[in-house]
Each structure stands twice: as structure tokens, then as C-alpha cells.
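Enquirer: In the numbering used here, the protein residues as written are 2 to 578.
The structure is reproduced here in C-alpha cells:
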């Protein structure tokens, strides 16, 4: 019987050694598998009536430090956020260009405004130079085109962020379902007394995917089931999966109302991770840049149109159509004298008339008064724009006088949008007036001589530097800008404000890159700690493999000896009978 016991002990040792060899071999094979934790076979003695009768492997497990895992998941969330922010910030900076002497400096909006200033200076030298006028209009068009392009690109980036939110939500939901499925498998495996270590590794990998998307917390019950929640306390995986819900916008403009990320119908704050970064970029960072671009566009429109409103084209145009939308019943609120001159092609007076604006209560009253002037007709067209035209095909109309309208005391031309250089309400739609793109000769660079009232007297001559010089001065003058986006209130010229927008984009990118470097360092250190704690040390595992192989050989030798003894004993029994 002693031989039988020895044989059983040897067999149990052989079996245990085989399990350990298999576990160790799997560890070595998975040394480079991301998320794999080293597995250990737990061995215990088999005892019968106080006597050891063998060994058995009671389980295969991995030891993952939950505190370290939580810290790693937090770092993973932060890394996901900073990576996303840095990516979008770099794209934004690329759009805005640079203020350096590199090649891309010439493509910045600051460079475009500076080029417009240079064109205005050249025009002021000789306002009668048709080429200089055309180049100024082209420079204004290039600047306006670039602003529109930047605005569209910013909104395109917002659309990309919105689409990335949808994609990330889908990926996160898949990972949540993976965790839930693995919960079921882990609980079942433990109930059967089987190892769940490999399943737990897969679950931790899915948890890392979720943590990369948003800030999460987790707990693991005694049964092995994991509960996952947002840092705000909203359950994501519990008795089942609570999916994230989000609908991407069909198109993105500055006025688009974006959708919130919800769970069970309630909006959630992602806290950190890729989703938090995308939401911030879509709803805060990029809109702030749009606000600054709009502030620049409005300043350019107001500044340049205020100057061209003081002038008139040479020769005087046959008609003036405003860009402002008005109605006949609108209150006028005017004062001062509006001087109207009907001129021939040489700028000589055909007829003049002066209107006291204080005498007219509404825009309709002014239209009636204009229609009462010989040689002129006035109306509000189908688009709500005030139009003034001469009744003779060989004459033109020009405005002068000191009349102002409204509480801001704007000139009549500025109020109704006559002689505008630029149209639009912001960066998205700023543009050079279409008629000027067709003929730069329509640029309002002339000044009407209000004192020339006698028929035949010259009231408008080419070559006046008044308006052209005013354009140069207006572009270079310092003005007050209210706070817009991330830019604080400041006093600077238009090119300086444009440069501030470019610098702001560079600062956003620099801060994002710094944050990314920090997050990468933290995550890398925690990953290294986790790898040191739970990763596979190939040298150690190789040494163990050799040890277990020796144990296997020893157990096999004992089995062989026991078998030989059994055989000898059987031979002896057979001989005795």
C-alpha cells in the first residue's frame, strides 16, 4: 500500500507541475501582450487523516493592485483628454498661420490685414490711379475671403469634434457591453471554481477603453462582477449596461445648437477623457476663436464702411442702393442737412437740393422728400433697401452735408449702407460689395464740394486724397475692442487685433502640448508601475519554467520507480503461487 500512496503522490506532483509549466509558458508567450497580467498557479497539499497524500493546483490567478489600477484609469482619462485637445489645437494653429518669418506667416489673417493697409497707403498716394484702386479692392477681397475661410474652417473643426463625439460614444458603448458580458463570464467561472484571470485582463482592457473616453470609477464585488460609473455618479455598468446617447449635428454653423451626451435621458459631464476634450473644443475653445474672428470682421466692416460712406464714386453713380434693411415706418431720428447733388459725367452740377432731416419723422417721409427733388427718384426695394436714382441716364447722384441719423449720429450714407466697401455681419459672411469686384472704379474715393451749387460748377473731381487718406488712417488707428472669446478687452489697431487672434491660437496649442507632455509622463510612470507589479518578467518566468520542468522530471522518476516496484511485487506474487 505504501507503494500505492507514493504513486498517487508522484502523480499529483506530476499533474501540478504540468499545470505550472502550462501557466508559465503562457506567461512567457504573452509577455508582450498589452493588458496581460502574469498568472500564478496556486498549489496546496492534500491531506488524509493527518497524512499528506499529494498536492493539487487550487486555482490560477493574477494579482492586480486595484489602487494602482484606479490611478492608471484616471491617468488614461487625462491622457485621452490631452491627446484630443492637442490634436485639435494643433489643427487650429495650422489654420491661423504664424506671425514668424516662416513661409506660413504670409498666410495669416494678420498678414492679410497688413497687406490691406499697404494697398490703402499706395492708393492714398494717387487716388486717381485705377490700378491702385483695383489692387486695394483685391486686397480687401483677399482679406474678406480669408476671414470667411477661417470661419468656415473653425466650424468644420467643430463639426469634426461633433462627429468624433458620436464615434467615441459608439466605441464606449461597445466597451461597456464587453465589460457586462465579461462580468457574466467571470461570475460563472468563479462559481464553477475555474480561473477567471484571463477574463479579468480582458475586462480591464475594456475598462481602459471606457476610461480613455470619459472619467470613470469602478468597484469589484466578491462575486467578481465589476460596476462602472461616471465620476459624477451615473452608473454605466451595473445590473446591465446604461449606454451613452448622442446625436451628431447634420451640419455645423456658429448658430448650431449642439446635442448633449446623455445616459438614461439625463445629460452627463464626461469629466475627463476624449469626450470631455471634444465637448470643450466644440462648445468653448473653437467658438471663442469664432467670436474673436467675428469681432475683427465687424471692426473691419464698420471702420472701412464709415470712411467710404463719406465719399462717392467718380464719376457719380446713376443710382445708390443701400445694404441696410429698413421699412417705411422706421423712425428716422435725423438732424442736420442732407445735401444731394445731381452731377454730369464730369462732376459738374446739374442740380442740388438740401433737406433738413429733422423735418422727417420716418424713413418713408424721407423717401417722399427725395421723390420731390427734380432729377431724382427714391424707393425701398423688395429687399428693404433704400435706393436713390437719377431720372436722366447721363447723370449721377452724390450725397454730402452734415446730416446724421439715430442715436449713434451716423451719416445718412453709413445709416443706409450707401457706398459700402464691405458687406456682412461677421467673419462667416464678410465680403467686398459685389459691384466693386466687377468694377473697382465704383470705389467711393471722391468728395462732394457742398458749396458748388451753381449749374455747371465742378462739385466732384478725381484725384481727391481725402477719403483714400482716411482709409489708411482708419486701418492704422488704435480702437477699443471689447472682450471676445479668449481675448480680453484691448486698444489696438486692426492688424494688431488680427495678430492677437493668431497668437491666441498659438498659445492654445502650446498649452495643449505642455499638458499632453505632463499627462504622457504620468500615464507612462503608472503603466510602468503596473507592468512591474503585474507584468511578465521573462527572466523570472524562464527560471520558473526550468524549476517546474525539474519538478516534473522528479515526479516522473518517482512514478517510474513506483511502477517498477509494483511490477516486481506482482512478479513475486505470481512466482509464489
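Glycine residues also receive a C-beta, built at the ideal position from the N, C-alpha and C atoms.
Being a predicted model, the structure only gives us computed values, none of them experimental.
Skipping 5 residues on each side, what residues in its chain have a beta carbon closer than 6 Å to that of residue 209?
Expert: For this step, residue 209 is matched to residue 208 along the chain shown. For residue 209, where only same-chain residues beyond five positions count, the Cβ hits under 6 Å are 77.
Enquirer: Is it the case that the Cβ atoms of residue 246 and residue 258 are separated by a distance below 9 Å?
Expert: Position 245 of the chain shown, counted from the start, is the residue given in the question as residue 246. Position 257 of the chain shown, counted from the start, is the residue given in the question as residue 258. Cβ atoms of residue 246 and residue 258: not closer than 9 Å.
Enquirer: Could you say which of 95, 83, 405 lies nearest to residue 1 if we only look at CA atoms?
Expert: This structure gives no information on residue 1, because the portion of the chain shown stretches from 2 to 578.
Enquirer: Following the continuous alpha helix (DSSP H) through residue 178, name the residue where it begins and the one where it ends.
Expert: Working through the chain shown from its first residue, we reach residue 178 at position 177. Element bounds for residue 178: 131 to 192.
Enquirer: Please list the terminal residues of the continuous beta strand (DSSP E) segment that includes residue 366.
Expert: Against the chain shown, residue 366 aligns to sequence position 365. Element bounds for residue 366: not the beta strand (DSSP E) but the alpha helix (DSSP H), 364 to 372.
Enquirer: Taking the alpha carbon of residue 431 as the reference point, which residue from 286, 271, 306 has its own alpha carbon closest?
Expert: Against the chain shown, residue 431 aligns to sequence position 430. The candidate whose alpha carbon is nearest that of residue 431 is 306.
Enquirer: Alpha carbon to alpha carbon, how far is residue 492 from residue 299? Give it in angstroms, no decimals.
Expert: The residue labelled residue 299 in the question sits at position 298 within the chain shown. The residue labelled residue 492 in the question sits at position 491 within the chain shown. Spanning the two alpha carbons is a distance of roughly 15 Å.
Enquirer: Can you tell me which residues form a DSSP beta bridge with residue 482?
Expert: Numbered from 1 along the chain shown, position 481 holds the residue referred to as residue 482. DSSP lists 491 as partners of residue 482.
Enquirer: With DSSP collapsed to three states, give me the class of residue 282.
Expert: Sequence index remark: in the chain shown, residue 282 carries index 281 (1-based). Note: residue 282 maps to helix in three-state DSSP.
Enquirer: Since I believe residue 437 is in contact with residue 138 (beta carbons under 8 Å), could you give me their beta-carbon distance rounded to a whole number of angstroms?
Expert: By 1-based counting over the chain shown, the position of residue 138 is 137. By 1-based counting over the chain shown, the position of residue 437 is 436. Between residue 437 and residue 138 the Cβ distance is about 5 Å, and since that is below 8 Å, they are a contact.
Enquirer: In angstroms, rounded to a whole number, what distance separates the CA positions of residue 201 and residue 72?
Expert: Along the chain shown, read from residue 1 onward, the residue named residue 201 stands at position 200. Along the chain shown, read from residue 1 onward, the residue named residue 72 stands at position 71. Each residue's Cα considered, the two are about 17 Å apart.
Enquirer: Output the boundary residues of the alpha helix (DSSP H) element that contains residue 206.
Expert: Here the question's residue 206 lines up with position 205 in the chain shown. Residues 198 to 214.
Enquirer: I'd like the list of long-range same chain contacts for residue 164, defined as Cβ closer than 7 Å, with 5 residues on each side in sequence excluded.
Expert: Taking the chain shown and counting its residues from 1, one reaches residue 164 at position 163. For residue 164, where only same-chain residues beyond five positions count, the Cβ hits under 7 Å are 249.
Enquirer: Rounded to a whole number of angstroms, what is the C-alpha to C-alpha distance between residue 156 and residue 463?
Expert: Mapped onto the chain shown, residue 156 falls at position 155. Mapped onto the chain shown, residue 463 falls at position 462. For residue 156 and residue 463, the distance between alpha carbons rounds to 44 Å.
Enquirer: For residue 394 and residue 319, what's the separation of their Cα atoms in angstroms?
Expert: Counting from 1 along the chain shown, the entry for residue 394 is found at position 393. Counting from 1 along the chain shown, the entry for residue 319 is found at position 318. Cα to Cα, the separation comes out at about 7 Å.
Enquirer: Does the Cβ of residue 104 have 16 or more other Cβ atoms within 10 Å, making it buried, or fewer, making it exposed?
Expert: Indexing the chain shown from 1 puts residue 104 at position 103. Residue placement at residue 104 is poorly supported in this model, since its pLDDT is 47, which falls under 50; the coordinates still yield a value, given next. Per the 10 Å Cβ criterion, exposed.
Enquirer: Which residue from 322, 266, 125, 407 puts its Cα closest to that of residue 397?
Expert: Position 396 of the chain shown, counted from the first residue, corresponds to residue 397. When each option's Cα is compared against that of residue 397, the closest is 322.
Enquirer: For my contact list, residue 162 and residue 279 are in at a C-beta cut-off of 8 Å; report their separation, rounded to the angstrom.
Expert: Sequence index remark: in the chain shown, residue 162 carries index 161 (1-based). Sequence index remark: in the chain shown, residue 279 carries index 278 (1-based). Rounded, the Cβ-Cβ distance is 5 Å, consistent with contact.
Enquirer: On the DSSP bridge list, what partners appear for residue 349?
Expert: The residue you call residue 349 lines up with position 348 of the chain shown. The partner list for residue 349 (beta bridge, DSSP) reads 459.
Enquirer: Looking at the strands, I want to know which residues DSSP matches up with residue 397.
Expert: The count along the chain shown starts at 1 and reaches residue 397 at position 396. Looking at the DSSP assignment, residue 397 forms a beta bridge with 344.
Enquirer: What is the C-beta distance between residue 315 and residue 456, in whole angstroms, given that I count them as a contact (C-beta under 8 Å)?
Expert: Indexing the chain shown from 1 puts residue 315 at position 314. Indexing the chain shown from 1 puts residue 456 at position 455. About 19 Å separates the two Cβ atoms, so there is no contact after all.
Enquirer: Flag this pair as yes or no: are the beta carbons of residue 271 and residue 216 separated by less than 9 Å?
Expert: Start at 1 with the first residue of the chain shown, and residue 271 comes out as number 270. Start at 1 with the first residue of the chain shown, and residue 216 comes out as number 215. For residue 271 and residue 216, yes; Cβs fall inside 9 Å.
Enquirer: Could you tell me whether the segment 281 to 294 touches the segment 402 to 417, using the rule of 3 or more Cβ pairs below 8 Å?
Expert: In short, these stretches do not touch, since the Cβ pair count stays below three.
Enquirer: When we look at the beta-carbon of residue 184 and count the other beta-carbons within 10 Å, is it buried (16 or more) or exposed?
Expert: Numbered from its first residue, the chain shown carries residue 184 at position 183. Counting Cβ neighbours within 10 Å, residue 184 comes out buried, since at least 16 surround it.
Enquirer: From this set, 99, 117, 176, 501, which residue's C-alpha is nearest residue 213's C-alpha?
Expert: In the chain shown, the residue the question calls residue 213 occupies position 212. Among 99, 117, 176, 501, the Cα nearest to that of residue 213 is on 176.
Enquirer: For the beta strand (DSSP E) containing residue 229, name the first residue and the last one.
Expert: On the chain shown, residue 229 is found 228 positions in, with the first residue counted as 1. 227 to 231 is the span of the beta strand (DSSP E), which, as asked, contains residue 229.
Enquirer: The alpha helix (DSSP H) spanning residue 431 covers which residue range?
Expert: As a working note, residue 431 is residue 430 in the chain shown. Neither: residue 431 is in no alpha helix (DSSP H) and is coded neither H nor E.
Enquirer: Please return the same chain residues whose Cβ sits closer than 6 Å to the Cβ of residue 569, not counting the five positions on each side in sequence.
Expert: Translated into the one-based positions of the chain shown, residue 569 becomes position 568. Within the same chain, residue 569 has no close Cβ partners at all.
Enquirer: What distance in whole Å lies between the Cβ atoms of residue 173 and residue 211, which are believed to be in contact at a cut-off of 8 Å?
Expert: Position 210 of the chain shown, counting from 1, holds the residue named residue 211. Position 172 of the chain shown, counting from 1, holds the residue named residue 173. Right, the Cβ-Cβ distance comes to about 6 Å (below 8 Å), so this counts as a contact.
Enquirer: Determine contact between the segment 370 to 382 and the segment 477 to 493, defined as no fewer than three beta-carbon pairs at a distance below 8 Å.
Expert: At 8 Å Cβ cutoff, the stretches do not touch.
Enquirer: Note down, in chain order, each residue of its chain lying with its Cβ closer than 6 Å to the Cβ of residue 346, except the 5 sequence neighbours on either side.
Expert: Residue 346 sits at position 345 when you count from the first residue of the chain shown. Answer for residue 346: 316, listed in chain order.
Enquirer: Going by DSSP in three states, residue 288 sits in which element: helix, strand or coil?
Expert: The residue you call residue 288 lines up with position 287 of the chain shown. Residue state, collapsed to three classes: helix.
Enquirer: Between residue 187 and residue 150, what straight-line distance do the alpha-carbon atoms span, to the nearest angstrom?
Expert: Your numbering for residue 187 matches position 186 in the chain shown. Your numbering for residue 150 matches position 149 in the chain shown. C-alpha separation (whole angstroms): 54 Å.
Enquirer: Please report the Cβ distance between residue 127 and residue 433, rounded to the nearest whole angstrom; I am assuming they are in contact, meaning their Cβ atoms lie under 8 Å.
Expert: Locating residue 127 in the chain shown gives position 126, where the first residue counts as 1. Locating residue 433 in the chain shown gives position 432, where the first residue counts as 1. No, residue 127 and residue 433 are not in contact; Cβ-Cβ is about 21 Å, not under 8 Å.
Enquirer: Relative to the C-alpha of residue 204, which candidate in 224, 192, 180, 190 has its C-alpha closest?
Expert: Within the chain shown, residue 204 is the residue found at index 203, counting from 1. Of 224, 192, 180, 190, the residue nearest in Cα terms is 180.
Enquirer: For the alpha helix (DSSP H) that contains residue 78, what are its first and last residues?
Expert: Here residue 78 refers to the residue found at position 77 when the chain shown is read from its first residue. Taken as a continuous stretch (DSSP letters only), the alpha helix (DSSP H) holding residue 78 covers 67 to 97.
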